[in-house]
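>
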Amino acid sequence: MRALTLPARWKRDDGDRSGQGVLCLVLLLLLLALACLISLGSGPTGVNLAHLWLYLTGRGSELAVQERVVLEAVRLPRTALGILVGAGLGVSGAMLQGLFRNPLADPGVVGVTSGAALFAVAGIVFGNGVLAPLSLVLGSQFLPLMAFFGGLLNTWLLYCIATRGGQTHTTTLVLSGIAVGALSAALTGLLIFMADDRQLRDITFWSLGSLGGATFARVLSVLPFVVLVTAIIPFVARGLDALILGDAAAFHMGVPVQRLKRLVILAVAAACGATVAVSGSIGFVGIVVPHLLRLVIGPAHRFLLPASAIGGGALLLIADSVARTVVSPAELPIGIITALFGAPVFLLLLLGRKGAHRGGDQP
Amino acid sequence: MIRAESVCVERSGRRLLDGVSMVLQPGQMAVIIGPNGAGKSTLMKALSGELPVSSGHVTYDATEVSRYNPRELAARRAVLPQASELAFPFTALEIVRMGAVAQGALDPSAAARAALARVGLSGFEGRAYPSLSGGEQQRVQFARALAQVPRPVEAGLARALFLDEPTASLDLGHQIAVLETARAFASQGGMVLAILHDLNLAAEFADRVVVLHRGRIVTQGPAAETLSDATIAEVYGIAGAVGRVPAAHVPFILPQARHGASA
Chain A
2 MRALTLPARW KRDDGDRSGQ GVLCLVLLLL LLALACLISL GSGPTGVNLA HLWLYLTGRG
62 SELAVQERVV LEAVRLPRTA LGILVGAGLG VSGAMLQGLF RNPLADPGVV GVTSGAALFA
122 VAGIVFGNGV LAPLSLVLGS QFLPLMAFFG GLLNTWLLYC IATRGGQTHT TTLVLSGIAV
182 GALSAALTGL LIFMADDRQL RDITFWSLGS LGGATFARVL SVLPFVVLVT AIIPFVARGL
242 DALILGDAAA FHMGVPVQRL KRLVILAVAA ACGATVAVSG SIGFVGIVVP HLLRLVIGPA
302 HRFLLPASAI GGGALLLIAD SVARTVVSPA ELPIGIITAL FGAPVFLLLL LGRKGAHRGG
362 DQP
Chain B
710 MIRAESVCVE RSGRRLLDGV SMVLQPGQMA VIIGPNGAGK STLMKALSGE LPVSSGHVTY
770 DATEVSRYNP RELAARRAVL PQASELAFPF TALEIVRMGA VAQGALDPSA AARAALARVG
830 LSGFEGRAYP SLSGGEQQRV QFARALAQVP RPVEAGLARA LFLDEPTASL DLGHQIAVLE
890 TARAFASQGG MVLAILHDLN LAAEFADRVV VLHRGRIVTQ GPAAETLSDA TIAEVYGIAG
950 AVGRVPAAHV PFILPQARHG ASA
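Chains A and B are the protein sequences, given in the same order. In this text, residue positions in the first sequence follow the numbering used here: the first is 2, and each later residue adds one. In this text, residue positions in the second sequence follow the numbering used here: the first is 710, and each later residue adds one.
(1) Mind the definition here: the region 322-336 of chain A touches the region 726-741 of chain B only if three or more C-beta pairs lie below 8 Å; say whether that holds.
(2) The region 36-68 of chain A: which residues have C-beta closer than 7 Å to a C-beta of chain B, in chain order?
(3) Hey, is H292/A's beta-carbon within less than 8 Å of any beta-carbon in chain B?
(4) Beta-carbon within less than 7 Å of F285/A's beta-carbon, same chain only, minus the 5 sequence neighbours each way: which residues are those?
(5) Tell me whether V111/A sits in a helix, a strand or coil according to DSSP, three-state version.
(6) For H906/B, which of helix, strand or coil comes out of DSSP?
(7) Give the range of the beta strand (DSSP E) segment to which Q929/B is assigned.
(8) Starting from T365/A, trace the alpha helix (DSSP H) in both directions and tell me its first and last residue.
(9) Using only the alpha-carbon positions, how far apart do A783/B and P790/B sit?
(10) Closer than 7 Å between beta carbons: that is the criterion. Which residues of the region 241-259 of chain A meet it against chain B?
(11) Which bits of chain A does V810/B rub up against, with CB to CB less than 7 Å?
(12) Cβ closer than 7 Å: which chain A residues qualify as neighbours of E863/B?
(13) Could you check whether the Cβ of A301/A sits closer than 8 Å to any Cβ belonging to chain B?
(14) On the CB-based measure, 16 or more other CB atoms within 10 Å of its CB, does G356/A come out buried or exposed?
(15) Does E714/B come out as helix, strand or coil in the three-state DSSP assignment?
(16) So G94/A and P291/A are in contact, right, with Cβ under 8 Å, and what is the actual spacing, rounded?
(17) On the DSSP bridge assignment, give the partners of L866/B in chain order.
(18) Taking C-beta pairs closer than 7 Å, name the residues in chain B that N103/A reaches, listed in chain order.
(19) Using a Cβ cut-off of 7 Å, pull out every chain B residue sitting near R295/A, in sequence order please.
(20) Three or more C-beta pairs closer than 8 Å, one from the region 754-767 of chain B and one from the region 815-833 of chain B: is that the case here?
(21) Decide yes or no for the touch test of the region 125-139 of chain A against the region 261-280 of chain A: beta carbon pairs closer than 8 Å, at least 3 of them.
(22) Closest by CA to V716/B, which one among R785/B, V774/B, E803/B, F894/B?
(23) Can you round the beta-carbon distance between S208/A and V279/A to whole angstroms, since I take them to be within the 8 Å contact cut?
(24) Would you kindly report the start and end of the unbroken beta strand (DSSP E) that includes L733/B?
(25) Pick helix, strand or coil for M738/B, following the three-state DSSP scheme.
(26) Between V901/B and L872/B, which are expected to be in contact by the criterion C-beta below 8 Å, what is the C-beta distance as a whole number of angstroms?
(27) Does the separation of the CB atoms of A186/A and S115/A fall below 8 Å?
(28) Just to check, is the beta-carbon of G336/A closer than 7 Å to a non-hydrogen atom of the ligand PLP?
(29) Which bits of chain B does D321/A rub up against, with CB to CB less than 9 Å?
(30) Using a Cβ-Cβ cut-off of 6 Å (strictly less than) and excluding sequence neighbours within five positions of V220/A, which residues of its own chain qualify?
(31) Name, going along the chain, the residues of the region 747-770 of chain B whose beta-carbon falls closer than 9 Å to a beta-carbon of chain A.
(32) Tell me Y769/B's beta-bridge partners as DSSP assigns them.
This is the structure in structure tokens:
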């Protein structure tokens, strides 16, 4: 009997990883809480965990005004923004990977991010020229909205190109995503070519990604999008699971495939556009977090999606804390940190997977 | 009852099905046979509601199949597709569980375990699907279909199993095991439609054989009437193959003979 040659690994014995899923969610919540403490209690200003402790235990009045301002007006919005952006990136990455049945799919890969970036750069370059009236009316919401519409436009374009006769074919979607992304990048390059020195500096810093300059206004502008994308998790989890077996099999199991795809694409575009708008393009969160989680709890989306949201938030907070402290009082763009951590981890995962496929068992 | 009436399916100018009419009745197992490209899978897709027909009608209990939403259809029939690859390492249990969830099982994991046991894969629950052999993967998929329609009749309505080449990568023992499970599903009041390439298996298990050739039904009915020399010659281009024992020095395997041996 083949069953007798099973490797004696307890966690795979009954094949039901629901327990692991719940445990993982609890642990991730604890990690997120820890990351919040680190994010709130560290930084270049000398306001530390001790001050945070006083503040949290209701003795905030013992702190100096300046220390209170740092906690309330700088670190609190920044931490909230980090959680939201990380959650948005993590969950939209996991959703896209499920939609494309490809663990390498990422909002960055299929051109959603580059569309948002194109429109944001256009906003920076034309903000004082052609688009000045719009910029004036929208004020601080100008760039976020531009980026959001860019992301939505690219996703919609992508969907129109890749959908024939009501069917979205994954290969076409990925390939046209790369094409649309390349086009956006070329147009962005053109805009950068036209930009003056001051605009160039804005563009460069923005494109590397940062949580700096977080305000409650920004938190509020990204909040509805992230809430939307996390709120649909219960409605898409089962469908995304079934979709992994193919469009036809998902339909056989009662999933309204095209409606599911439209919903996921819209949610991903909204979450990506909004996060890119408030923090620039921060890479690798959407790809590394779901990937690591799949190794632990498996690919079932009812656990993977919420875990990716929480894990993404925690990872981004930790990365941001590092970005703020390593070269303090200066600050590294967070995109550099996530790429420095993310790219090697990602390569290691790829190497591990290769060996696993040859050996016939999963890592 | 699932009925196809004068069904035509056209794709990019080619007529894949041409005026096909057939009935799938509760308590019956129908088997579609025919050469490659005859339109067998297309017919199954049209009957399962996956592929819209160009003309004609596919009805489930006299209601047009296009009027059912995916969820309602999923409650009426399950489909075993041909071999499929997975990008993500679900365990065998998690795959079968999807079928149980689609069925609305109260305890999907337990239902999935029961379905795995029905296909003889108890103990395989925790195995990663990509690490299974082709035959084991196919049996896991069969278990998923069974988990989706665990009872052949529910609320007075017969459920259907659509099996696209269920025996393709199975050894002889498991081919018969899978078809016997399907047969039992039919005997208990369910409907089964299978595509088979093995004419001997078709002859043994089918209540009704549908011979498809170039998108048309050549003949349909009990195996004894349909699998004639003339039909096989017309459809497969092999004359004189029916009911003859090969030359004495060539051994041949006759799975049907086990009925006589055990009796």
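Cβ coordinates follow ideal geometry from the N, Cα and C atoms, glycine included.
Judging by the given coordinates:
(1) no
(2) none
(3) no
(4) T339, A340, G343, A344, F347
(5) Three-state result, V111/A: coil.
(6) Under the three-state reduction of DSSP output, H906/B falls in the coil class, being neither helix nor strand.
(7) 925-930
(8) In the structure displayed, chain A extends from 2 to 364; residue 365/A sits before or after that span and is not available.
(9) 14 Å
(10) D242, A243, I245, L246, G247, A249, A250, F252, H253, M254, G255, V256, P257
(11) R239
(12) Ordered by position in chain A, no residue passes the 7 Å Cβ test against E863/B, which lies about 15 Å from the chain.
(13) yes
(14) Only weak support is given to the placement of G356/A: the predicted model assigns it a pLDDT of 45, under 50, and the question is left unresolved by the model.
(15) strand
(16) 5 Å
(17) E863/B
(18) A796
(19) F797
(20) no
(21) no
(22) Measuring from the Cα of V716/B, the nearest candidate turns out to be V774/B.
(23) With a Cβ gap of about 14 Å, S208/A and V279/A do not count as contacting.
(24) 723-733
(25) Three-state DSSP puts M738/B in a strand.
(26) 7 Å
(27) yes
(28) Judged by which ligands are present, the structure shown has none, so any question about the ligand PLP falls away.
(29) The premise fails here: D321/A is roughly 30 Å from chain B at the closest Cβ pair, so nothing lies under 9 Å.
(30) P78, A81, L82
(31) K754, S757, G758, E759
(32) DSSP, once it has assigned bridges, lists I711/B, T772/B as partnering Y769/B.
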